[in-house]
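Down below is the structure, laid out as structure tokens.
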Amino acid sequence: MTILSNTDQPVKIDLAAYSPVANVNHVGPAPFRGELEIAIIDDRPLMCDCFASSLELIEPSFRIQRYPTVEAFDAASQEETERVSTVLLCVMWSNSQADYHLSRIAHLKATRPSLGIVMLSDIESLDDILKAVESGSRGYIPTSVSLQVAAKAIQLVAAGGTFIPPSVLFNSGQAIKDSQPAKQPQGDNVFTSRQMAVIEALRRGKANKVIAYELNMCESTVKVHIRNVMKKLRARNRTEVAYILNTTPYEGVSIRN
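Read in order, the letters of the sequence shown are residues 8 to 264 in the numbering used here.
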């Protein structure tokens with residue numbers, strides 16, 4: 008196409024250069040917006056390299072950096088890690104090392120609040136996983152899942168979601184159910200109307216602050232009600248309270264005004 012410029016001289020413009028499909032057959036690196044920068048932290052070089060290479064093979068958009076420790080990740084230059092959005096912390100979980108691993112998660116969360124932190128391990132204890140989540144992890148990948156599931160879990164966390172495999176929740180829930188008697192004594196099942204209101208909010212997954220606001224009570228009062236409910240249901244945490252009340256038939260539950 009030829010047009011006249013302000014000097015009345017003809018100027019040629021190549022419209023193809025401005026066409027949205029002009030470079031559709033261009034071969035080269037994918038644009039950055041389609042890539043996901045990930046850091047894998049694992050002190051076992053062979054395991055780390057194999058896992059990283061496998062993830063890159065099935066998900067070409069992954070760009071993976073490898074570090075042996077959290078300290079090594081911290082020591083890396085800002086230019087090297089500034090685009091990392093997700094950290095995969097691979098650990099050999101044991102009770103003796105639990106506090107250390109949880110402290111590493113908390114450290115990453117404190118120093119890089121925007122990071123999506125995922126823990127990969129072979130534990131399937133809901134209690135331990137919840138501790139990791141409370142420390143700052145947004146996902147847990149057990150070694151029992153497939154590589155494809157692991158890749159999707161990483162993408163979910165990178166997008167702002169949280170991943171805990173259903174198998175962990177099911178197995179823990181079944182253990183809770185098996186440990187509960189079919190009937191509870193009448194005295195153990197008496198809840199006040201305020202406790203029932205808190206219970207209903209817990210079943211809907213509401214946070215303590217939201218419950219306090221909706222029920223017009225202090226957050227500390229909500230916590231007291233939750234502790235009393237947990238004691239009556241013999242639950243260890245609010246997750247178990249919700250599970251028990253949603254799945255276990257309790258006979259003789261009554262409300263005391």
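Glycine included, every Cβ here is placed at the ideal spot set by N, Cα and C.
Cβ-Cβ distance between residue i and residue j below 7 Å
i       : j       : result
Arg-73  : Cys-55  : yes
Gly-281 : Arg-145 : The structure shown does not extend to residue 281, since the chain spans only 8 to 264, so no value can be given for it.
Ala-157 : Ile-148 : yes
Val-231 : Ala-219 : no
Lys-138 : Leu-109 : yes
Ile-112 : Ser-142 : yes
Val-217 : Val-236 : no
Val-175 : Glu-131 : yes
Asn-215 : Glu-207 : no
Leu-209 : Arg-243 : no
Glu-42  : Ser-68  : yes
With 16 other Cβ atoms within 10 Å as the buried cut-off, status of residue i
i       : result
Asp-49  : buried
Thr-93  : buried
Ser-128 : buried
Ile-65  : exposed
Leu-240 : buried
Leu-133 : buried
Secondary structure of residue i, DSSP reduced to three states
i       : result
Asn-30  : Note that Asn-30 scores a pLDDT of 39, beneath 50, so its modelled location is shaky; the value from the coordinates is reported in the next line. Asn-30: coil per DSSP, three-state reduction.
Arg-73  : strand
Lys-190 : Only weak support exists for where Lys-190 lies, its pLDDT of 46 falling under 50; the value from the coordinates is given anyway. If DSSP states are grouped into helix, strand and coil, Lys-190 belongs with coil.
Ile-183 : Bear in mind that a pLDDT of 48 at Ile-183, under 50, signals an unreliable position, so the model cannot answer this.
Thr-246 : helix
Cys-225 : coil
Glu-44  : strand
Val-94  : strand
Asn-102 : coil
Gly-35  : Low per-residue confidence applies at Gly-35: pLDDT is 36, beneath 50, and the placement is therefore not dependable, though the value from the model is reported in the following sentence. Coil, per DSSP.
Pick from the options that is closest to residue i, judged by C-alpha positions
i       : options                               : result
Ala-46  : Arg-211, Ile-161 and Gly-167          : Ile-161
Glu-86  : Glu-44, Cys-97 and Leu-127            : Glu-44
Thr-118 : Met-99, Leu-95, Val-77 and Gln-155    : Val-77
Val-205 : Leu-252, Arg-243 and Leu-163          : Leu-252
Ser-121 : Ala-166, Met-99, Ser-103 and Ser-101  : Ala-166
Ala-59  : Ala-83, Thr-88 and Leu-96             : Leu-96
Ser-103 : Asp-135, Asp-81 and Lys-213           : Asp-135
Tyr-250 : Glu-221, Asn-223 and Gly-212          : Gly-212
Val-125 : Ser-101, Ser-151 and Leu-163          : Leu-163
Asn-223 : Arg-201, Thr-150, Lys-238 and Thr-88  : Arg-201
Val-140 : Thr-169, Gln-155, Lys-159 and Ser-151 : Thr-169
Thr-199 : Ile-233, Glu-221 and Trp-100          : Ile-233
Leu-62  : Ser-151, Met-203 and Lys-159          : Lys-159
request  = Pick out the complete beta strand (DSSP E) segments inside the region 125-185, 3 residues or longer, and give them in chain order.
outcome  = 146-149
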